[in-house]
Amino acid sequence: MILAKVTILCLLVTLALAGGYGGYGGGGDGGHDVYAYPKYQFEYGVQDHHTGDQKSQHEIRDGGLVKGEYERAEKGVYQRLNYVYDSHHL
848 MILAKVTILC
858 LLVTLALAGG
868 YGGYGGGGDG
878 GHDVYAYPKY
888 QFEYGVQDHH
898 TGDQKSQHEI
908 RDGGLVKGEY
918 ERAEKGVYQR
928 LNYVYDSHHL
């Protein structure tokens, strides 16, 4: 009889503790959307005299506007690609 009471008590405690976690929408931000303005700038470059590998990239983003360029030199051929992405340039 005591074993049955202890088992029921443990079951009730388990249910009480598990009730606060919820399912969908139970995130830590209270269910609100979080928006961060997209803004960044980065660049990198490689210049390996042993292999002859030369390349670089530069890109900036400010909101919906992204601009950048790639450059590369291989076997005496130099290439550069400029790009722009926004609502007018897809």
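Counting in this note's numbering, the sequence shown runs without a single skipped number right up to 937 at its last residue. Note that the Cβ used here is the ideal one computed from N, Cα and C, for glycine as well.
Residue pairing by DSSP places Lys902 opposite Val893 and Arg919 in a beta bridge. Judged by DSSP in its simplified three-state form, Val913 adopts strand.
DSSP, reduced to helix, strand and coil, places Val860 within a helical segment of the structure shown.
Leu856 and Asp880 have their C-alpha atoms some 39 Å from each other. Judged by beta-carbon spacing, Glu890 lies within the 8 Å limit of His905, meaning their Cβ atoms are closer than that value.
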